[in-house]
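**Q** Shown below is the structure under consideration.
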Amino acid sequence: MKCCKDIQVQLADFAVGALQEPERAEIERHLSGCPACRRELHVLQQVGTVLDALPPEEAPVGLWDAIRRDIEAPEPEPVRVPWWETLFPARWPRLAYAGIAATAVVAVALLMTVSRLAPAEDDETQDFIQRHGMLAWNDPLSDKASLGVMLARSQMGREIQ
Ligand SMILES: [Zn+2]
2 MKCCKDIQVQ LADFAVGALQ EPERAEIERH LSGCPACRRE LHVLQQVGTV
52 LDALPPEEAP VGLWDAIRRD IEAPEPEPVR VPWWETLFPA RWPRLAYAGI
102 AATAVVAVAL LMTVSRLAPA EDDETQDFIQ RHGMLAWNDP LSDKASLGVM
152 LARSQMGREI Q
């Protein structure tokens, strides 16, 4: 049994006769007992009547030729980006590189701090942690310090076992 919201999603199709059985019958059953959906259908039918009364709009002269030209135009050559640009995009401000460097320093410091801690996770959990950490590392907004600590802990646990 569909609720009014589900029915109203299909009412526009119903109003123009675009629904097939059994959806059509289901909507008719619902409409027979639901004044709110009948009102909604009435509004949609009025909109359809107004739209049908409008004169057909002609496409602007040259529109189809312009669309065909766009479709048939050759693909633009992909822009070649040097490998160092992918590592250190020029659009990043210097402050971002300073932030990355500072984060790396903090990560190394934390790494050295936690190197004596032994986690209790099993191999499968540590695999998951390492894979997650590696994937998250590429996100420019990721917390590299926390990721570094997490990866180091995971690696330590593996070596201790
Ligand atoms: Zn209803």
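With the working numbering applied, the sequence shown covers 2 to 162.
Just so you know, even glycine gets a beta-carbon here, dropped at the ideal spot from N, CA and C.
Quick caveat, the model's predicted, so the values are computed rather than measured.
1) LEU136 lies in the alpha helix (DSSP H); which residues open and close that run?
2) Could you round the C-beta distance between LEU32 and LEU20 to whole angstroms and report it? I think they count as a contact, below 8 Å.
3) Use the C-beta contact count for GLY49: other C-beta atoms within 10 angstroms, 16 or more gives buried, fewer gives exposed.
4) Tell me where the alpha helix (DSSP H) around GLN21 begins and ends.
5) Determine the DSSP secondary structure at ARG30, reduced to helix, strand or coil.
6) Compute the distance between the beta-carbons of GLN46 and ALA16, then report whether it is under 8 Å.
7) Taking only three categories from DSSP, how would you classify PRO94?
8) Let me know if VAL150 comes out buried or exposed under the rule of 16 or more other beta-carbons within 10 Å of its beta-carbon.
9) Pull up the CB-CB distance for ALA146 and ALA108, whole angstroms please, since I reckon it's below 8 Å.
10) Taking the continuous alpha helix (DSSP H) assigned at ASP71, which residues delimit it?
11) Could you check the C-alpha separation between LEU88 and TYR98 for me, to the nearest Å?
12) Rounded to whole angstroms, what is the Cα-Cα separation between GLY123 and ILE72?
**A** Straight from the coordinates:
1) Residue range 124 to 138 is occupied by the alpha helix (DSSP H) that includes LEU136.
2) That pair is no contact at about 12 Å.
3) GLY49 is exposed by the Cβ-count criterion.
4) Here GLN21 belongs to no alpha helix (DSSP H), and DSSP marks it neither H nor E.
5) DSSP places ARG30 in helix when its eight states are reduced to three.
6) Going by C-beta atoms, GLN46 is nearer than 8 Å to ALA16.
7) It is coil, neither helix nor strand.
8) Its Cβ being crowded by 16 or more others within 10 Å, VAL150 is buried.
9) About 4 Å separates the Cβ atoms of ALA146 and ALA108, confirming a contact at the 8 Å cut-off.
10) It spans 64 to 73 - the alpha helix (DSSP H) in which ASP71 sits, taken as one unbroken run.
11) Per the coordinates, the alpha-carbon of LEU88 lies some 11 Å from the alpha-carbon of TYR98.
12) Residue 123 is actually Asp in this sequence, not Gly. Cα to Cα, ASP123 sits roughly 56 Å from ILE72.
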